[in-house]
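First up is the structure itself, then whatever we jot down about it.
Numbering (UniProt numbering), first residue to last: 1 to 1041.
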């Protein structure tokens, strides 16, 4: 038989009871405190299968305790340096107790509070030394030479040859785990139990997991005066897009150093650099194949090769679906996260974490440093063997943590070689650039000359696409720095079962459900129910369905749909009004539901039938097109001063669509554009059922704008108007985080006040919404901005493009102050004449022109399509003169230059200037020129104002006594679906002058269909000039041909 070595250990006197060493109890707590650890149970699945593998036998199992800084002592009658637990002796009842010496109120002890537990198997295996070598030389340093044993060699097949065979005992690490002692640093004595798992270091041996139960206690508190106020977690995830030529395939000695570097030099003109922490043990893997568990960087040990095992895993993971979401990049960074292919691209993976506990003093120092932007975080990638040579580096701006409630942020850091300077595009040579309008008169693209070059980087160049190396680092605090400092370890004395400080705390996204929210949900539910009834009625009428048998599929689908709507109504309304507890009560409630909803359905159907079935059958698109067309006419008539026609069209729409939510919303925007805030507020005060569903999304930002403008006009509130706006807007952004428009607007407000943490926070939010769908305004009438300036700037940089989207949205809504703030942020990327046109138009709408302001002209011949740009500048200059001096000759001179441009695809974008000029010519009795000007509005693709131009041209031709052409123009204006009595009156007048009395009478009948509408005095004056004696009163009906 083989002989195995035996180990003798002294048994502890303690078995089931906790040994309490005799320490003098004293009011003055000692500076050095003992924390006691006693294992209560150990479960390790070592069976015969694992006890003997091949020629190896497990002779014993032991667990060793280690601490990075402090001394661990095994309590016994005599001093021993051993800190191990012999499993065999433990199972026989000997349960040792260990003590760790900890300095009271020592923050270093707090931050080094991991006790490592390593399970060893002592393996016995045969050994034959090499010829000519001693046993000690053959064994080497890795094997315990004192464990050599001689034994008698087994005889083989009857051979009685006697010789000695050597056996060695190899101490092999098999499993590892740790105890986190942070929860024991308190101002009271602590006694708690802790469950610890020791996971296999060889991941193929999954069964060898050891479970331990520990009892941990101290006779004195570990903290007396020190205040532990916060915890900082630093997680280094991975490095992406690194050139393999730079790092090669080996990542064994790669390391990343994090340091705090001063933003300002000291008195020696040096930038102070404070080393912070280092990360090691990278692995090169496919991004999709990486291990998602976060590891403690403290516990990595190359001796045990434990970097990829569960032994050092923290209780947090990486979410693969959110790997590249919610990242904050440096402003104007070239990182393109969309280029990363997780399935095929490799990365240098770390996924490790540090934890730093902060005292109140440390937190104040950190808060001061961030509040005054004294430091930034420097990230350096290097090899451990060449630490003086930095391969890549990047910086992190930490000011975002000074924004209220921010305690967690992940950074995407652009990593570049030291001394790297971002290349810029070469300045383009002087020559033509693109300024071609599209179908709507918009420019498709442009590139400036030397004098007006836009700032740009390689990212904006369409032919250059570079994969920029970047690293992801996550910084997280237990609570925000801006919160009041409190002792975070004030926890009840009840036994602690799990640690609170093992990873980033999750932000609570829940919102309190207030009665106002419930009321709004109920209103939305009722409106959806009403819309469903209307849709069903519309379908039944259109398809002439009389019984359920006519369309069973429709009936069955709507039955389930209507049931779901009714259940929601019961939940939000009926069951709140009449709570039920029994089936009988609920049955009675359903009777009430049937009575109220059946009456509601009857009222909806009757209301529709009273208006006429044709109006019920009109599709929403048909109504929308009609409303948009007529609102556009109203706006143009208002701008050119034809208030009579504008008021008439508006009154007709109000009469035809009194309860139409779409009309109400368009009228609401019309009031906003004209600064008629009192009428606009009436719409906002309406109940939900009276509002236009697609427009609800924009009501809050419009409400903020109205309130801000009212505050500016109030002497008492004007000093705090901007402050109040920031408060309301920031609160709305937090409750609606997916709205990029409000985040960008809030960013501009913070920049106006130079509040850097707010700027960084807003930029973090809106940049992560770049790839989300942008919610634009639903189809609405042409905005006042588009009437004045239809030109659009083609921005190149991503930030400017997204800001421009939001600016256009705000101009459509009439929120010109908000839109101006956003344009000012990106104005430097526009050409000089583009900035002039934009700022001038904003000044018109906001009434900000100075008395000495003079319109400017810019040379546009060097651009492609200079005629379009010249016409645009002429209209802008004409608008400036018209605003400041009224319909003066100077303004009309600028407008007349539009008519002189002959090569435009469409005059639609310039209808405002042309119509103003044409109406001015009519007043000046220059009818020939007026006729030509009106004709331009009906040329090209955009003919929205053709009805107005036809009426104007008809009047001009009448004045020129070109009656046939006048009749043709007036007749053309009647083909747009709008009843205008004065048009028919003019036709009657002209036919009367042409002695066509029958047509004159027929036209007059149409002119007088509505007796309450008065005929224009100008027409009546013309009729009075006709000698009634020359009119033949005997009229024959013309024969039909």
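Glycine included, each C-beta is placed from N, C-alpha and C at the ideal position.
Specify, as a first and last residue, the run of the beta strand (DSSP E) that residue 394 falls within. Counted from its first residue, the chain shown places residue 394 at position 394. Taken as a continuous stretch (DSSP letters only), the beta strand (DSSP E) holding residue 394 covers 386 to 396.
I need the straight-line Cα distance from residue 1026 to residue 536, nearest angstrom please. Here the question's residue 1026 lines up with position 1026 in the chain shown. Here the question's residue 536 lines up with position 536 in the chain shown. So the alpha carbons of these two residues sit roughly 58 Å apart.
With a cut-off of 8 Å on the beta carbons, I'd call residue 983 and residue 1015 a contact; round off their distance for me. Looking up residue 983 in the chain shown gives position 983. Looking up residue 1015 in the chain shown gives position 1015. The Cβ separation is near 11 Å, so there is no contact.
Touch check for the region 719 to 735 and the region 292 to 301: three-plus C-beta pairs under 8 Å? no
Contact check, residue 467 vs residue 339 under 8 Å by CB: the rounded distance? For this step, residue 467 is matched to residue 467 along the chain shown. For this step, residue 339 is matched to residue 339 along the chain shown. Rounded, the Cβ-Cβ distance is 6 Å, consistent with contact.
Can the beta-carbon of residue 36 be found closer than 8 Å to that of residue 76? The residue you call residue 36 lines up with position 36 of the chain shown. The residue you call residue 76 lines up with position 76 of the chain shown. Taking 8 Å as the Cβ cut-off, residue 36 and residue 76 do not qualify as a contacting pair.
Span of the alpha helix (DSSP H), counted from its first residue to its last, around residue 474: Counting from one through the chain shown, the residue named residue 474 turns up at place 474. Premise fails: residue 474 lies in the beta strand (DSSP E), 470 to 477, not in any alpha helix (DSSP H).
Using the beta-carbon count (16 or more within 10 Å), is residue 417 buried or exposed? Here residue 417 refers to the residue found at position 417 of the chain shown. Exposed.
Contact between the region 64 to 74 and the region 207 to 225 is defined here as three or more beta-carbon pairs at a separation below 8 Å; is this criterion met? no
Using DSSP bridges, identify the partner residues of residue 273. Sequence index remark: in the chain shown, residue 273 carries index 273 (1-based). Answer by DSSP bridge pairing, in chain order: 261.
Quick one: Cα of residue 710 to Cα of residue 525, how far? If you number the chain shown from 1, residue 710 lands on position 710. If you number the chain shown from 1, residue 525 lands on position 525. Cα-Cα distance, rounded: 33 Å.
Sequence-distant residues of the same chain with beta carbon closer than 6 Å to residue 929, five excluded per side: By 1-based counting over the chain shown, the position of residue 929 is 929. For residue 929, where only same-chain residues beyond five positions count, the Cβ hits under 6 Å are 921.
Run through DSSP, which three-state label would residue 172 get? Position 172 of the chain shown holds residue 172. Residue 172 falls in the strand class under three-state DSSP.
Nearest residue (CA-CA) to residue 628, options 531, 598, 482 and 781: Numbered from its first residue, the chain shown carries residue 628 at position 628. The candidate whose alpha carbon is nearest that of residue 628 is 781.
Is residue 471 buried or exposed, if buried means 16 or more other CB atoms sit within 10 Å of its CB? The residue you call residue 471 lines up with position 471 of the chain shown. Buried: at least 16 other Cβ atoms inside 10 Å.
Pick helix, strand or coil for residue 450, following the three-state DSSP scheme. Working through the chain shown from its first residue, we reach residue 450 at position 450. Legend: pLDDT at residue 450 = 30, less than 50; position of this residue unreliable, value from coordinates given subsequently. Helix, per DSSP.
So, with DSSP's three-state summary, where would you put residue 118? Working through the chain shown from its first residue, we reach residue 118 at position 118. The answer is strand: DSSP assigns residue 118 an E or B state.
Rounded separation between residue 806 and residue 741 - CA only: Numbered from 1 along the chain shown, position 806 holds the residue referred to as residue 806. Numbered from 1 along the chain shown, position 741 holds the residue referred to as residue 741. Going by the C-alpha atoms only, they are around 6 Å apart.
Closest to residue 240 by CA distance: which of 288, 720 and 226 is it? Sequence index remark: in the chain shown, residue 240 carries index 240 (1-based). The candidate whose alpha carbon is nearest that of residue 240 is 288.
Please report the distance separating the alpha-carbon of residue 791 from that of residue 334. Counting from 1 along the chain shown, the entry for residue 791 is found at position 791. Counting from 1 along the chain shown, the entry for residue 334 is found at position 334. Rounded to the nearest angstrom, the gap between the Cα atoms of residue 791 and residue 334 is 29 Å.
What whole-angstrom Cβ distance do residue 668 and residue 680 have, given they're in contact under 8 Å? Here residue 668 corresponds to residue number 668 of the chain shown, with the count starting at 1. Here residue 680 corresponds to residue number 680 of the chain shown, with the count starting at 1. Rounded, the Cβ-Cβ distance is 6 Å, consistent with contact.
Can you look up residue 1028 in the DSSP assignment and give me helix, strand or coil? The residue you call residue 1028 lines up with position 1028 of the chain shown. Correct three-state label for residue 1028: helix.
With distances taken from CA atoms, which of 713, 899 and 974 is nearest residue 939? Reading the chain shown from its first residue, position 939 is the one you call residue 939. Considering only alpha carbons, the answer is 899.
So which of 866, 227 and 61 has the shortest CA-CA distance to residue 110? Against the chain shown, residue 110 aligns to sequence position 110. Per the Cα distances, 227.
As assigned by DSSP and simplified to three states, the class of residue 1049: No answer is possible for residue 1049: the residues shown for the chain start at 1 and end at 1041.
With contact counted as at least three CB pairs below 8 Å, one residue from each stretch, are the region 335 to 354 and the region 81 to 92 in contact? no
Just the C-alpha distance for residue 970 and residue 906, rounded to the nearest angstrom, thanks. As a position in the chain shown, residue 970 is number 970, starting the count at 1. As a position in the chain shown, residue 906 is number 906, starting the count at 1. The alpha-carbon atoms of residue 970 and residue 906 are separated by roughly 22 Å.
What's the call for residue 361, buried or exposed, on a 16-neighbour Cβ count within 10 Å? One-based indexing of the chain shown puts residue 361 at position 361. Exposed, since its Cβ has fewer than 16 Cβ neighbours within 10 Å.
Would you call the CB atoms of residue 230 and residue 488 closer than 8 Å? Stepping through the chain shown from its first residue, residue 230 is reached at position 230. Stepping through the chain shown from its first residue, residue 488 is reached at position 488. Pairing residue 230 with residue 488 gives a Cβ-Cβ distance under 8 Å.
Apply the 10 Å Cβ neighbour rule to residue 658 and answer buried if 16 or more other Cβ atoms are within range, or exposed otherwise. Residue numbering aside, residue 658 sits at position 658 when the chain shown is read from its first letter. Residue 658 comes out exposed.
Using DSSP with H/G/I as helix, E/B as strand and the rest coil, what is residue 1021? Locating residue 1021 in the chain shown gives position 1021, counting from the first residue. In the structure shown, residue 1021 sits in a helix (DSSP, three-state: H, G or I).
Could you work out which residue in 305, 764 and 1012 is closest to residue 332 when comparing CA atoms only? Here the question's residue 332 lines up with position 332 in the chain shown. Checked all of 305, 764 and 1012; the closest Cα to residue 332 is 764.
Anyone know if the C-beta pair for residue 473 and residue 396 falls short of 8 Å? Stepping through the chain shown from its first residue, residue 473 is reached at position 473. Stepping through the chain shown from its first residue, residue 396 is reached at position 396. Cβ distance < 8 Å, so residue 473 and residue 396 count as in contact.
Which of helix, strand or coil DSSP assigns to residue 285: Position 285 of the chain shown holds residue 285. Here residue 285 sits in strand by DSSP.
Note down, in chain order, each residue of its chain lying with its Cβ closer than 7 Å to the Cβ of residue 385, except the 5 sequence neighbours on either side. Within the chain shown, numbered from 1, the residue matching residue 385 stands at position 385. Answer for residue 385: 253, listed in chain order.
Candidates 813, 779, 588 and 707, of which the one nearest residue 673 by Cα: Position 673 of the chain shown, counted from the first residue, corresponds to residue 673. Out of 813, 779, 588 and 707, 813 has the C-alpha closest to the C-alpha of residue 673.
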